[in-house]
Amino acid sequence: MNIVIEAGAILLASALAMILHELPKSIVYILTGRHCRAGDRRRIFQFHRYIDPVGWILFLTCHAGCSKPYPYRLKEKDTNIAIGLTGFLSLGVMIMGGYALYYLKVLQLPMTAGWNPDGVLMQFTVQTSWYFIYASMVLLIVNLIPLISSDISLLIIAFSPKRLISLLKNDTVIKAILILCIVFGWISALALQGISGLDHLFHFV
């Protein structure tokens, strides 16, 4: 049962993190982009678009993965900057909001709502809440890697458009390196170090 609870928590938390990271970027794209296609305003709210199947499986099996951004048409520097910064800002808000929810609300549920601290619902809620923070930290790390679809690449292209060609040429190699880092647990280890640092910063431990 514990394995089922953990697997469900990982899948739900990582999917939610993917959606909450990518949706604000898509909204900014609609608001700032001048090359949106017909139907974009409707399609950006199809949340399944943001869940990367491979990234989802990697989250479950290797505890690290990635999301799938909306297929933007990026031709303006200001749009690239706006979307890239929104991506990092959304992850920061998700991590801070996740911490607040986890420590101030979820862990208090046995006292505030009378939940059984050893019950299945409490275990699932606690694990989902914690994995959401963790998944957000993983996405932050992954988006610092210059994949063509990452937030950092949007900023690189905005300030140095000539880098687009080299990013495209090296994208497959960078993806392969990222997958190896995920499989060998290096991304997971970095995420745990980041969470540990925040725990000490906020005096939660």
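Add 223 to the 1-based position in the sequence shown for the working numbering, that's all there is to it.
Every residue gets a Cβ at the ideal spot worked out from N, C-alpha and C, and that includes glycine.
Rounded to the nearest whole angstrom, the CA to CA distance from Phe-425 to Leu-415 is 15 Å. Each residue's CA atom was taken as its position, placing Pro-276 and Leu-234 some 11 Å apart.
The DSSP assignment places complete alpha helix (DSSP H) segments of no fewer than 4 residues inside the stretch 229-266 at 263-266, in order along the chain. Taking a C-beta distance under 8 Å as the contact criterion, Asn-366 and Gly-417 do not qualify as a contact pair.
Counting the other CB atoms within 10 Å of its CB gives Leu-403 a total below 16, which places it among the exposed residues. Met-345 has its alpha-carbon roughly 7 Å from the corresponding atom of Trp-338. For Leu-413, the enclosing alpha helix (DSSP H) stretches over residues 409-424.
Sequence-distant Cβ neighbours of Glu-245 in its own chain, meaning closer than 6 Å and more than five residues away, are Tyr-273, Ser-290 and Pro-292.
The beta carbon of Phe-355 is closer than 7 Å to those of Ala-236, Leu-239, Ala-240 and Gly-321 in its chain, skipping five residues each way along the sequence. Contact holds between the stretch 302-309 and the stretch 371-384, because three or more Cβ pairs, one in each stretch, are under 8 Å apart. Collapsing the DSSP output to three states places Asp-301 in a helix. When secondary structure is reduced to three states using DSSP, His-271 falls in the helix class. Exposed is the label assigned to Phe-407, since fewer than 16 other Cβ atoms lie within 10 Å of its Cβ. Between the alpha carbons of Glu-229 and Leu-308 lies a distance of about 32 Å. The straight-line gap separating the alpha-carbon atoms of Lys-392 and Tyr-357 is approximately 31 Å.
Between Leu-413 and Ile-364, the gap from beta carbon to beta carbon is short of 8 Å.
Out of Tyr-252, Leu-421, Lys-398 and Trp-353, the CA that lies nearest to the CA of Pro-294 is found in Tyr-252. When DSSP states are grouped into helix, strand and coil, Asn-393 belongs to the helix group. If the five residues before and after Met-360 are omitted, its C-beta is found closer than 7 Å to the C-beta atoms of Ile-318, Ala-414, Gly-417 and Ile-418, all from its own chain and listed in chain order. For a cut-off of 8 Å, the C-beta gap from Ser-313 to Leu-243 is around 7 Å, short enough to register as a contact.
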